[in-house]
Amino acid sequence: MLGRGVEENKKEAVKYLNKACDGGNLLACYNMGMLHNTGQATDKKERDPCKAAEFFRKACDKNHAQSCFMLSALYLQGSGNLSKDFDQARTYSMKACDLDHIWACANVSRMYALGDGVKKDMKMAEKYKERAKSLHKEQTEDRKQIKFGE
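Residues 9 to 158 (the numbering used here) are what the sequence shown spells out, left to right.
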């Protein structure tokens, strides 16, 4: 994609990412989703949120947390040819949260706090807010334990 060590060729990169995704590489599926979401997957440079959602869903179905989160964000915002769908947004945000994605937990909390696509429920909002805070604390502590050169 970037042409490091070889001539840059986005068309060829997309072809191989697509092949890798078809072969079960979840990061390749996520990257294909990002390329379609940002309009970098084709020469037309047009965003295709529906195509992005297909790739994110493929990875999310195999428990790739970031893909579930991106899928939820697409449904929260609605964009181009993909309509807002708070039920889908909640479903994928909750799945990403279950897979320990901090921002997905925060989104679920916000949905309950505002009543976006769910019945407003401050208890549930607090539950998911605390989950996000707990995950943040865990991840921060994990980073502190990484030491090199000792």
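Built from N, CA and C at the ideal position, the CB exists for glycine as well.
query                                                                                                                                                                              : result
Based on the DSSP secondary-structure assignment, which residues constitute the bridge partners of Ser-142?                                                                        : None; Ser-142 has no bridge partner.
Taking the continuous alpha helix (DSSP H) assigned at Lys-70, which residues delimit it?                                                                                          : Per DSSP, Lys-70 belongs to no alpha helix (DSSP H) and is neither H nor E.
Let me make sure I understand the geometry here. Which of Gln-85, Leu-34 and Thr-46 has the alpha-carbon closest to that of Lys-66?                                                : Leu-34
When the Cα atoms are used, what is the spatial distance from Val-126 to Asn-17?                                                                                                   : 45 angstroms
Does Tyr-38 pass the burial test, meaning 16 or more other C-beta atoms within 10 Å, or should it be called exposed?                                                               : buried
Under the assumption that Pro-57 contacts Ser-87 (Cβ atoms under 8 angstroms), give the Cβ distance between them as a whole number of angstroms.                                   : 4 angstroms
Determine the burial state of Leu-122: buried for a count of at least 16 other Cβ atoms within 10 Å of its Cβ, exposed for fewer.                                                  : exposed
Of the choices His-109, Met-119 and Ala-73, whose alpha-carbon is the least far from that of Asp-93?                                                                               : Met-119
Tell me whether Ser-101 is buried or exposed, calling it buried when 16 or more other Cβ atoms sit within 10 Å of its Cβ.                                                          : buried
Within the same chain, show all residues whose beta-carbon is closer than 8 angstroms to that of Arg-55, passing over the 5 residues directly before and after it, in chain order. : His-44, Asn-45, Thr-46, Gly-47, Ser-87 and Gly-88
For Ala-114, I'd like the list of residues in its chain whose CB is within less than 8 angstroms of its CB, leaving aside the five on either flank, ordered along the chain.       : Tyr-136, Lys-137 and Ala-140
Leaving out five residues before and five after Ala-36 in sequence, what residues of the same chain have Cβ atoms less than 7 angstroms from its Cβ?                               : Leu-25, Ala-28 and Cys-29
According to the Cβ coordinates, are Phe-77 and Ala-49 closer than 9 angstroms?                                                                                                    : no
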